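In order, the protein sequence lines correspond to chains G and A.
With our numbering, the residue at position 109 of the first sequence is 109, and numbering never jumps.
With our numbering, the residue at position 30 of the second sequence is 267, and numbering never jumps.
Have a look at the structure below, then the notes.
Number of protein chains: 2
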Amino acid sequence: MDAKSEISIERDDGAGDRAQRIRDQLRHAIIDRRLAPGAKLSEQEVGALFDVSRTVAKAALQMLTFEGLVRTERNRGAFVANPSIEEARQIFASRRLIEPGLVQSACARITETDIAAFHRQLDEESRHLSSRGPEARRAEIKASGDFHLLLADVAGNTILAKFMEELVARSSLVIALYGRTGTSTCGHQEHREIVNSLANRDVEGATKLIISHVDHIEADLDLKTPAQGSLRSALML
Amino acid sequence: MDAKSEISIERDDGAGDRAQRIRDQLRHAIIDRRLAPGAKLSEQEVGALFDVSRTVAKAALQMLTFEGLVRTERNRGAFVANPSIEEARQIFASRRLIEPGLVQSACARITETDIAAFHRQLDEESRHLSSRGPEARRAEIKASGDFHLLLADVAGNTILAKFMEELVARSSLVIALYGRTGTSTCGHQEHREIVNSLANRDVEGATKLIISHVDHIEADLDLKTPAQGSLRSALML
DNA sequence: CGAAAAATAATTGCATGCAATCCGTGCGAT
DNA sequence: ATCGCACGGATTGCATGCAATTATTTTTCG
């Protein structure tokens, strides 16, 4: 039980786990859009909020910078990342490459326990879908990404799972910036179909489903404005 | 000339560029085996060596920890990573997944300039191959990895290029630990063939070549000792 | 009144000091 | 002789202070 909360392995990073916890909180806030792209994250403010010194706050911001969720400018500060359209395309190109590989590996390794975890994940998604309010909306976004992280977890490759963690988080930023609809409610049904194919060990079917699923997510974005996009990002700072 | 040293984009990370330079030096030392797996990297020592304070040294070590090249234990210190056999398998599984994607993208985007860069890279490799001595050996290892980074660069996806940087560096560690022959001299010929296929925009051929190339690299490793491996890694610390 | 220059305020870069933690060692008890 | 335990050394964790840099505001001159 509670398997999904242990997706990310507690590896002892360079900084103490206090910085790590702050990073997790900030990341969570970023991916469910409580922190908008471009928002400033000063060391002092972060430190004061979590009651730690600037040293720890800086370490947390550094971690987020490595993940591409935060952009820092020398002697200027840290800001929530503002991914360009080109970056958005690259993120989804990467996902189109990696996720089919995850599906294939997951198909070969999936166990009954994993299937149960997937079903809990699906239930969680539909629970948030049927709820109202912005809080449920945020939880929905988070859960939608967690599905893909669970997939990476089942695939059993720690390294790819770490990559996916980064890609999913950055995808959330991209969706916040360029998404048309808030979230594609159709995504949930696609998740269900993917789980079904996985449970049946239908590699081919699951692969096709995940590809079209990623395509659908990207299709919901408005990435056709190269000029407007660069202008917008230039003014946004 | 010297184009390959500028492959990785100078992005302004959280820490100042002093830490970044130290990271680059340390990484270089790790991947060409001047620093053996398991070697201790104390903050004080690193700081003294580069004439900076522990703060900067710590930041550099943190970056390497994120890349998986260094493992840090709380209140104990930082050590050059000691990848397990399982990790080694996952690294190569990731490469088998990503590199074919890079090839396909590179095939579509490759320009004359890129082809020239590839040829310079190949020349560099053969130059080191024909040289003698441990120094040339190190340069050969480095160049062999740089080929794959150049491929990622030509593919034009910054995110995947970053992933590849991590994978290639960690591969170097794995080869140092589990490699049978020092370096597979046959790899160079395979690189040549891959470049030829890319230049001809032969997607299918290049894809097959890169897959068998990665397979060959992994086949040169001794990863068949699951029981001994876990014991060994447990005792090795 | 407008524009350039200088001072000011805010923020990060970096070094250092002290406290906390972990490991190894030696002593004593069983 | 072995196990438990306390002490000492070494290393990192973290907070803070000062210097450097950037952006902003004010001042001054044309």
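Idealized CB from N, CA, C, for every residue including glycine.
As the structure is a computational prediction, the values presented were derived from the model and not from experiment.
Top-ranked residue by Cα proximity to residue 450 (chain A), from A:410, A:381, A:258
Residue nearest to residue 450 (chain A) within the set A:410, A:381, A:258 is A:381 (criterion: CA-CA distance).
May I have the straight-line CA-CA distance separating residue 467 (chain A) from residue 324 (chain A), to the nearest angstrom?
Note that residue 467 (chain A) has pLDDT 48, beneath the 50 cutoff, so the model's placement of it is unreliable and the number below is only indicative. In a straight line, the C-alpha of residue 467 (chain A) is about 11 Å away from that of residue 324 (chain A).
Residues of the region 394 to 409 of chain A with a CB closer than 7 Å to any CB of chain G: list them in chain order, please.
Result list: 394, 395, 396, 397, 400.
Quickly, what does DSSP pair residue 382 (chain A) with across the bridge? List them, please.
As computed with DSSP, residue 382 (chain A) is found in no beta bridge at all.
CA nearest to the CA of residue 349 (chain A), picked from A:258, A:438, A:448
Ranking A:258, A:438, A:448 by Cα distance to residue 349 (chain A) puts A:438 first.
Here's the rule: buried if 16 or more other CB atoms are within 10 angstroms of the residue's CB, otherwise exposed. What is residue 127 (chain G)?
With fewer than 16 Cβ atoms within 10 Å of its Cβ, residue 127 (chain G) is classed as exposed.
Beta-bridge partners of residue 78 (chain G), as assigned by DSSP
Bridge partners of residue 78 (chain G) according to DSSP: G:41, G:72.
For residue 179 (chain G): DSSP bridge partner residues:
Answer is G:221.
Are the region 402 to 409 of chain A and the region 426 to 440 of chain A touching by the rule of at least three beta carbon pairs closer than 8 Å?
Contact between the region 402 to 409 of chain A and the region 426 to 440 of chain A is absent, because fewer than three Cβ pairs lie under 8 Å.
Between residue 284 (chain A) and chain G, is any beta-carbon pair separated by less than 7 Å?
No Cβ of chain G is located within less than 7 Å of the beta carbon of residue 284 (chain A).
Which stretch, first to last residue, makes up the alpha helix (DSSP H) that contains residue 31 (chain G)?
Note, residue 31 (chain G): alpha helix (DSSP H), 17 to 31.
Quick check: the region 151 to 165 of chain G against the region 95 to 107 of chain G, are there 3 or more CB pairs under 8 Å?
Judged by Cβ distances under 8 Å, the region 151 to 165 of chain G makes contact with the region 95 to 107 of chain G, as three or more pairs qualify.
Continuous alpha helix (DSSP H) stretch holding residue 342 (chain A): start and end:
Counting along the chain, the alpha helix (DSSP H) containing residue 342 (chain A) begins and ends at 322 to 346.
Minimum Cβ-Cβ distance from residue 116 (chain G) to chain A less than 7 Å
At a cut-off of 7 Å between C-beta atoms, residue 116 (chain G) does not count as an interface residue with respect to chain A.
Considering just the uninterrupted stretch of the alpha helix (DSSP H) at residue 273 (chain A), what are its terminal residues?
For residue 273 (chain A), no alpha helix (DSSP H) segment is defined, and its DSSP state is neither H nor E.
For residue 196 (chain G), which of helix, strand or coil comes out of DSSP?
Three-state result, residue 196 (chain G): helix.
Roughly how many whole angstroms lie between the Cα atoms of residue 326 (chain A) and residue 318 (chain A)?
Cα to Cα, residue 326 (chain A) sits roughly 15 Å from residue 318 (chain A).
Hey, does residue 19 (chain G) have any beta-carbon neighbour from chain A nearer than 7 Å?
Residue 19 (chain G) has a beta carbon lying at 7 Å or more from every beta carbon in chain A.
Is the Cβ of residue 189 (chain A) closer than 7 Å to any Cβ of chain G?
Examination of residue 189 (chain A) is not possible in this model, given that chain A is present from 238 through 474 alone.
At what residues does the alpha helix (DSSP H) containing residue 304 (chain A) begin and finish?
Judged by DSSP secondary structure, residue 304 (chain A) falls outside any alpha helix (DSSP H); it is assigned neither H nor E.
Anticipated Cβ contact below 8 Å, residue 412 (chain A) with residue 446 (chain A), distance rounded
The C-beta distance from residue 412 (chain A) to residue 446 (chain A) rounds to 20 Å, too long to meet the 8 Å contact threshold.
Quick one: using the 10 Å Cβ neighbour count with 16 as the cut-off for buried, is residue 135 (chain G) buried or exposed?
With fewer than 16 Cβ atoms within 10 Å of its Cβ, residue 135 (chain G) is classed as exposed.
Residue environment, residue 60 (chain G), which counts as buried when at least 16 other CB atoms sit within 10 Å
Sixteen is the threshold: when 16 or more other Cβ atoms of the shown chains lie within 10 Å of the Cβ of residue 60 (chain G), as they do, the residue is buried.
Report the residues of the region 362 to 382 of chain A with a CB closer than 9 Å to any CB of chain G, ordered along the chain.
Cβ proximity to chain G below 9 Å picks out nothing from the region 362 to 382 of chain A.
With a threshold of 7 Å between beta carbons, is residue 93 (chain G) in contact with chain A?
Interface residue, yes.
Which bits of chain A does residue 77 (chain G) rub up against, with CB to CB less than 7 Å?
Within chain A, not a single residue places a beta-carbon under 7 Å from that of residue 77 (chain G); the smallest gap is close to 10 Å.
How should residue 275 (chain A) be labelled, buried or exposed, when 16 other C-beta atoms within 10 angstroms of its C-beta is the threshold for buried?
Around the beta carbon of residue 275 (chain A), a 10 Å sphere encloses fewer than 16 other beta carbons of the protein chains shown; the residue is thus reported as exposed.
With 16 other Cβ atoms within 10 Å as the buried cut-off, status of residue 62 (chain G)
Of the other Cβ atoms in all chains shown, 16 or more fall within 10 Å of the Cβ of residue 62 (chain G); this residue is therefore buried.
What does residue 338 (chain A) reach in chain G if we use C-beta pairs closer than 7 Å?
Per Cβ cutoff of 7 Å: 97.
Which residues mark the beginning and the end of the alpha helix (DSSP H) in which residue 127 (chain G) is found?
If you look at residue 127 (chain G), you'll find it in the alpha helix (DSSP H) that goes 112 to 130.
Closest residue to residue 223 (chain G) among G:92, G:20, G:27, G:120 (Cα-Cα distance)
For residue 223 (chain G), the nearest C-alpha among the options comes from G:92.
Between the alpha carbons of residue 104 (chain G) and residue 455 (chain A), how many angstroms are there, rounded?
Here the C-alpha atom of residue 104 (chain G) lies approximately 20 Å from the C-alpha atom of residue 455 (chain A).
Alpha carbon to alpha carbon, how far is residue 290 (chain A) from residue 393 (chain A)?
Rounded to the nearest whole angstrom, the C-alpha separation of residue 290 (chain A) and residue 393 (chain A) is 37 Å.
Would you kindly work out how many angstroms separate the C-alpha atoms of residue 245 (chain G) and residue 110 (chain G), rounded to a whole number?
In the structure as shown, chain G starts at 1 and stops at 237, and residue 245 (chain G) therefore has no counterpart that could be examined.
Taking the straight line between their C-alpha atoms, what separation do you get for residue 25 (chain G) and residue 302 (chain A)?
Rounded to whole angstroms, residue 25 (chain G) to residue 302 (chain A) spans 21 Å at the Cα level.
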